[in-house]
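Trainee:
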Amino acid sequence: MNRAQTTEDLARRAEEIRNRAIEFRLEEAKEWGEEIERRGDIPDGLQPRLKELGFLGLTQPQWAGGEGLPLKLYFPILEEISRCHGSIRMMCHAFNSIWRTIGRGREEQQREWLPAIARGEKLVAFALTEPEAGTGIDLKTTATKENGRFVLRGRKHLITFANRADVFAVIAKTDSELGRYGLTAFLVPKGQPGMEIEEMPEMMGDRGCDHAVITFDECAVPENAVLGEVGQGFDVAVRGFLDQSRACIAQSAVGIAQESLERAVSHARRRKTFGKPIASRQAVQMRLAEMDISVQAGRLLCLDAAEKFDSGEDVAREAARAKAYAIQMVGEVTDGALSIFGGVGYISGSPVERLYRDARSLWFEEGTAEMQKMTIAERLLAEARRRERQNLR
Ligand SMILES: Cc1cc2nc3c(=O)[nH]c(=O)nc-3n(C[C@H](O)[C@H](O)[C@H](O)COP(=O)(O)OP(=O)(O)OC[C@H]3O[C@@H](n4cnc5c(N)ncnc54)[C@H](O)[C@@H]3O)c2cc1C
């Protein structure tokens, strides 16, 4: 396939794909979404269809067969896809984002996995969160070097697409004395002896996505399963993957919010009470206007993070800002849409009811609002200390 070479080519290519995503949203997504909601799982045909449409290979490097889109060009496409259904959004996000953990790996690891991920054929899952540890890096899963191999012991939970994934980026503690420098990332293929996957109960939203508990019981992996270097697990997980992924989650919130807003506007125009469409009432207009302002504010915070990421800057603070704001925003906007729909919005299966449920998973994926605010505060305080040391204001 011919790949876009210049910036203008890339922008044109991204626009083409975005138009395809809009067409998919308007013509096909409803049917897929209804089937997912009815079955409670993802139909076999969905992944091949998303692959065929080119939605699973948008961000991976061109050498691996991906489109190589920068975040700034990927985000408008992600927004359209996020408007479709939680599971469709999650599948596109998993293919287009988690590969970045492997992007921090050795060349052989990248060559082995990235082309198949970019083709939409192999999926990598990210395994950080644990049942016995809180948010953050106080992990209990350990990896101990024994006889030239690393032996993993511990449990992960809430791992999205664990059943569907072919390989896992697993973060474990290799040195309990070194804090974040004592964490290491491992690339563990599915079926590794000593690794067991157990499906978790269905979630509130994103129906169809599977999540699992993964137990590592004396699970030995070769030394070359390490992603990056020993002690670089925090860098692989947070700087390599989570920072940009937080901005992706924020952009997904923008998509869900935009869909909710448009549905609320069209319902308000149709629904008449006391002889007039509710859209003619100022109270309803104010609410719609506030929803519109906050969706656009979220979009601009995402764009800020995207532009900085694309130019190679550290985006911990920008991505955390975008995510902290966007999850609060999508909470308010989906709530607003539900209110404007009135009682019919609350019926199971109503479009705004599903958007309201799907939006809630974004509060947790890649860290809660508190975690984002802790990152922002950490940066603010570090900057203040630096200025003080330099005797600046
Ligand atoms: C749909 C979904 C998909 C997910 N997919 C994955 C995945 O693929 N891979 C993966 O590794 N994880 C995944 N997760 C887990 C997700 O990243 C975590 O749920 C999230 O980071 C919160 O961590 P926790 O659940 O351990 O909450 P906890 O750490 O138990 O936190 C509970 C509450 O306490 C607050 N809190 C905790 N510590 C502090 C503190 N120090 N100061 C202030 N407040 C605090 C939190 O903000 C939160 O509100 C997924 C979760 C969901 C819901």
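Residue numbering for the sequence shown follows the numbering used here, starting at 85 and increasing by one per position. The C-beta atom is built at its ideal place from N, Cα and C for all residues, glycine as well.
#1: Which of the three DSSP states is assigned to I340 in this structure?
#2: Any chance you could list the alpha helix (DSSP H) runs of at least 4 consecutive residues sitting entirely within the region 152-222, in chain order?
#3: What residue from F270, N180, I431 has the CA that sits closest to Q144's CA?
#4: Quick test of your reading: G232 and T268, contact by CB under 8 Å. State the CB separation rounded to the nearest angstrom.
#5: Can M455 be considered in contact with ligand 1, in the sense that its beta carbon sits closer than 7 Å to one or more heavy atoms?
#6: Within its chain, find whatever has a CB closer than 6 Å to the CB of V254; leave out the 5 residues flanking it on each side and keep chain order.
#7: Figure out for me which residue from K257, A337, E119, K206 has the closest Cα to the Cα of K274.
#8: Taking its Cβ as the centre, do 16 or more other Cβ atoms sit within 10 Å of K229, making it buried, or is it exposed?
#9: Tell me whether Q328 is buried or exposed, calling it buried when 16 or more other Cβ atoms sit within 10 Å of its Cβ.
#10: Say whether the region 412-431 touches the region 349-364, bearing in mind that this needs 3 or more beta-carbon pairs closer than 8 Å, one atom from each stretch.
#11: Any contact between the region 95-108 and the region 117-125? By contact I mean 3 or more CB pairs, one from each, below 8 Å.
#12: State the start and end residues of the unbroken alpha helix (DSSP H) segment that holds L140.
#13: Would you kindly work out how many angstroms separate the C-alpha atoms of V379 and R355, rounded to a whole number?
#14: Just the Cα atoms here: how many angstroms apart are E63 and E99?
#15: Is the distance from the Cβ of T226 to the Cβ of R239 below 8 Å?
#16: Report the three-state DSSP secondary structure of K457 (helix, strand or coil).
#17: What residues match up with L236 in a beta bridge as DSSP calls it?
#18: Using three-state DSSP, classify L446 as helix, strand or coil.
#19: Please state if the CB of C386 and the CB of A406 are separated by a distance shorter than 8 Å.
#20: Judging by CA-CA distance, which residue of A373, I333, D319 is the nearest neighbour of G189?
#21: Rounded to whole angstroms, what's the CA-CA distance from A95 to T244? Just pull it up for me.
#22: Assuming Q140 contacts L134 under a Cβ cut-off of 8 Å, what Cβ separation, rounded to an integer in Å, is found between them?
#23: Could you please give the first and the last residue of the uninterrupted alpha helix (DSSP H) stretch that includes F108?
#24: Using a threshold of 8 Å, state whether the C-beta atoms of S166 and S434 are closer than that.
Mentor: Per the coordinate set shown:
#1: Helix at I340.
#2: Whole alpha helix (DSSP H) segments, 4+ residues: 155-166, 170-181, 183-187, 191-202.
#3: For Q144, the nearest C-alpha among the options comes from N180.
#4: Going by Cβ atoms, the distance from G232 to T268 rounds to 15 Å, so no, they are not a contact pair.
#5: The answer is yes for M455.
#6: Once the five neighbours on either side are set aside, the close Cβ partners of V254 are A211, F270, V272.
#7: Taking the Cα of K274 as reference, the smallest distance to any Cα among K257, A337, E119, K206 is reached at K206.
#8: Under the 10 Å beta carbon count, K229 is surrounded by fewer than 16 other beta carbons and is classified as exposed.
#9: The residue in question, Q328, is buried, as its Cβ has 16 or more Cβ neighbours within 10 Å.
#10: Yes: the two stretches touch, three or more of their Cβ pairs being nearer than 8 Å.
#11: Counting C-beta pairs with one atom in each stretch, the region 95-108 and the region 117-125 have fewer than three that are closer than 8 Å, which means they do not touch.
#12: Counting along the chain, L140 falls outside any alpha helix (DSSP H), and DSSP gives it neither H nor E.
#13: Going from the Cα of V379 to the Cα of R355 covers about 23 Å.
#14: Since the displayed the chain opens at 85 and closes at 477, residue 63 lies outside it and no answer follows.
#15: Not in contact: T226 and R239 (Cβ atoms no closer than 8 Å).
#16: Correct three-state label for K457: helix.
#17: According to DSSP, L236 bridges with A227, C303.
#18: Secondary structure at L446: coil, using DSSP grouped into helix, strand and coil.
#19: In this structure, A406 places its C-beta atom within 8 Å of the C-beta atom of C386.
#20: Nearest option by C-alpha distance: D319.
#21: Taking the straight line from one Cα to the other gives about 31 Å.
#22: For clarity, residue 140 is Leu in the given sequence; the question names Gln instead. Contact holds; Cβ gap of about 5 Å.
#23: Per DSSP, the unbroken alpha helix (DSSP H) holding F108 starts and ends at 91-111.
#24: Cβ distance not < 8 Å, so S166 and S434 don't count as in contact.
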